[in-house]
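Each remark here refers to the structure printed beneath this line.
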Amino acid sequence: MKFPKPTEMAHRLVGGALAEGGIAVDATAGNGHDTLFLAHRVGSAGRVYAFDVQDTALRETGRRLSWAGVAERVRLVAAGHEVMGEQIAAGDRGRVGAVMFNLGYLPGGDKTRTTEAATTLTALGAALGLLAPGGVATVVCYPGHPAGGVEAEAVVDFCRGLDQGEFRVARYGFENLVSAPPFLLAVEKRGRTSNIER
Ligand SMILES: C[S@@+](CC[C@H](N)C(=O)[O-])C[C@H]1O[C@@H](n2cnc3c(N)ncnc32)[C@H](O)[C@@H]1O
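For what it's worth, this note's numbering labels the leading residue of the sequence shown as 35, then goes sequentially.
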């Protein structure tokens, strides 16, 4: 068995929380890998919202979804995730099974267009409000670049401050690498009912 990478662990946790016909959000569409994963999980009866601030990212994500024949279940939103609360249809709020954040910059793209602590925290707060009971938000943090280090610390502090009666927070990553490796924070919204059978 090979330990999963933080991005792979995010898929495992989200996969366990997201049912067919569910609603999901990709807060950082990028090259569309996570959006495609979410689109497959929710199936043809589900819906995915995918946010990004770069047209290149949304174009690449759109292309990937079209190739896979799942574009019609995804709404691409050309806006920062900090406006997530307003962009999700009123009827979907409180019913979202999973929100994924993969922070940092677009691989192979403009490294200056990176996620930032303040807007990430605004978006994460909104995301937690959108989750259904049993829903999960995942955040892959990249402390290996300067802005990423500040952002990662801010996300950790935010998550540690969440009310344990309302949320459970887990952290996953490799501990013995020489660089500052990415790590995953996952937040589960507690509740009487879960959106899947457990
Ligand atoms: C590491 S990439 C995401 C990778 C992606 N999840 C995938 O599977 O290919 C981070 C993305 O976040 C985007 N981004 C930066 N600031 C943002 C913001 N405020 N709201 C939404 N996306 C943002 C960047 O443009 C970039 O495409």
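Note that beta-carbon positions come from the ideal geometry of N, C-alpha and C, so glycine has one too.
- Counting only runs of 3 or more residues that sit fully inside the region 44 to 91, the beta strand (DSSP E) segments are 57 to 60 and 81 to 86, in chain order.
- VAL48 is a Cβ neighbour of MET134, given a cutoff of 8 Å.
- The C-beta of LEU218 has 16 or more other C-beta atoms within 10 Å across all chains shown, which makes the residue buried.
- Looking only at GLY142, LYS39, LEU162 and THR69, the smallest Cα-Cα distance to GLU200 is reached by LEU162.
- At the C-beta level, VAL173 and LEU196 stay beyond 8 Å of one another.
- For PHE217, the distance from the CB to the nearest heavy atom of ligand 1 is not below 7 Å.
- Taking each of CYS193, HIS179, GLY225 and ALA186 in turn and checking the Cα distance to SER213, the smallest one comes out for HIS179.
- ALA161 carries a helical assignment under DSSP once its states are collapsed to helix, strand and coil.
- Nearest to ALA151 by alpha-carbon distance, out of GLU94, GLY114, GLY125 and ILE57, is GLY114.
- Cα atoms of ALA132 and CYS193: separation of roughly 16 Å, rounded to the nearest angstrom.
- A residue is called buried once 16 or more other Cβ atoms fall within 10 Å of its Cβ, and VAL184, having fewer, is exposed.
- Residue state for LEU155 is assigned as helix, using DSSP reduced to three classes.
- Beta-bridge partners of VAL170 (DSSP): ALA132 and GLU222.
- Of the residues assessed, ASP191 falls on the exposed side of the cut-off, its CB having fewer than 16 other CB atoms within 10 angstroms.
- For ARG147, the distance from the CB to the nearest heavy atom of ligand 1 is below 7 Å.
- One thing to note: GLY169 has its Cβ within 8 Å of the Cβ of VAL130.
- For ASN136 and ALA160, the gap between their C-alpha atoms comes out near 16 Å.
- Bounds of the beta strand (DSSP E) holding VAL111 are 108 to 112.
- Pairing HIS45 with ARG93, the inter-Cα distance amounts to about 23 Å.
- For the 8 Å CB-CB criterion, ALA91 and GLY64 form a contact.
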